[in-house]
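Asks:
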Amino acid sequence: HPVTTLYRGNDDLITQATRTPVDEETARLQVRELSEAGVDQVKAVMTDCQESCCRMDPALLNAIVDEAHTLGLRVVVHTDSIQDVSDTIAAGADGLEHAWTEPDTSPDAGYYELMAESSVFVVPTIQAARTYSYSGIQELRDRLTHMREAGVNIVVGTDAPMVPFGSGVHQEMEQMVQAGYTPMQAIKAATHLAAHHLELADELGTLEVGKRADVIAVTGNPLDDISAIRNIALVIKAGEILMDNRELDSQ
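Here the numbering used here is used: the first residue of the sequence shown is 558, the next is one more, and so on.
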């Protein structure tokens, strides 16, 4: 995570939770160390953080992605410019986090086609942009619409804890619907496609025999109104009921 946001001012946490490679050899070594420590994925930050880190050299990202893939790890990349996105896709990374790009910029059709053709997963985090008072929210929605039209793989994510856990997912799904996605497309982006992005589709994401029985039930029909996804009446985790408010909701 960018050291100037979540970890700002906490040098001990920065030391433990981040790595700052200075060359390709160091980048590969640090990925191997993370793999040996048992991480599930690697997140890299292309963005120029200005205060404490410069924009990552694309050669370093290439080394990170290559080493991670050799070790069977996926790589997602924090991006917030057109160049960040282009360099990330060129490196062969698996996911784009944010992909907001600069306000008042207008990516051309080739930008969205590049995303679609690469099969990269994009996590737009529009609700997080609202939380940060980002000035181009409607532009982000418009770009999300272009991504949908181009066939880009969109996955629901929130940037929590910068936005609330739980409700942030509902808000992000609502943002997708405002950008022209159907409620079912938003639901799939939060479940089926998200599981594929995490390479857990054999365990999660759909209701099928042999998969984990992780289920929620809601009051109302989110296919008619996506905000009904907030009205959680039942939570089942691995086949066990953890919360049951069905009687309360029926009163």
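Cβ atoms here follow ideal geometry from the backbone N, Cα and C, with glycine treated the same way.
#1: Which of helix, strand or coil does DSSP assign to MET704?
#2: Sort GLN742, ALA790, ALA616, ASP644 by Cα distance to VAL709 and report the nearest one.
#3: Only counting the same chain, and skipping five residues up and downstream in sequence, which positions put a Cβ closer than 6 angstroms to that of ALA736?
#4: Going by the CB atoms, is the gap between THR748 and VAL720 shorter than 7 angstroms?
#5: Under 8 angstroms by Cβ, that's how I've got VAL633 and ASP651 pegged, so tell me the actual separation to the nearest angstrom.
#6: Excluding the 5 residues flanking ALA625 on each side, which residues of the same chain have their C-beta closer than 6 angstroms to its C-beta?
#7: Is it buried or exposed for LEU653, if we count other Cβ within 10 angstroms and need 16 for buried?
#8: Going along the chain, which unbroken runs of the beta strand (DSSP E) with 3 or more residues stay wholly within the stretch 633 to 674?
#9: Output the distance between the C-alpha atoms of ALA785 and GLY595, rounded to the nearest integer angstrom.
#10: Alpha helix (DSSP H) containing GLU624: first to last residue?
#11: Measuring straight from C-alpha to C-alpha, what distance separates VAL832 and MET672?
#12: Can you tell me which residues form a DSSP beta bridge with LYS600?
#13: Ignoring anything shorter than 4 residues, give me the alpha helix (DSSP H) runs that lie fully in the stretch 689 to 777, in order along the chain.
#14: I'd like to check one pair, GLU729 with GLN684: are the Cβ atoms closer than 7 angstroms?
#15: How many angstroms separate the CA atom of ASP568 from the CA atom of ALA574?
#16: Is VAL588 helix, strand or coil by DSSP?
#17: Over what stretch of residues does the alpha helix (DSSP H) that includes ALA790 continue unbroken?
#18: Which residues does DSSP pair with ILE798 in a beta bridge?
#19: Starting from VAL677, follow the beta strand (DSSP E) in both directions and report where the run begins and ends.
Replies: Considering the structure as presented:
#1: Assignment of MET704 by DSSP, reduced to helix, strand and coil, places it in the helix class.
#2: GLN742
#3: ARG698, LEU701, THR702
#4: no
#5: About 6 angstroms separates the Cβ atoms of VAL633 and ASP651, confirming a contact at the 8 angstroms cut-off.
#6: VAL588, VAL599, VAL632
#7: buried
#8: 652 to 655
#9: 38 angstroms
#10: Its alpha helix (DSSP H) spans residues 615 to 627.
#11: The shown model of the chain, from 558 to 808, leaves out residue 832, and the question about it has no answer.
#12: VAL633
#13: For the stretch 689 to 777, the full-length alpha helix (DSSP H) segments reaching 4 residues or more read 694 to 707, 724 to 735, 740 to 747, 749 to 754 along the chain.
#14: yes
#15: 10 angstroms
#16: helix
#17: Run containing ALA790: none in the alpha helix (DSSP H); it sits in the beta strand (DSSP E), 789 to 794.
#18: ILE793
#19: Premise fails: VAL677 is in no beta strand (DSSP E) and is neither H nor E.
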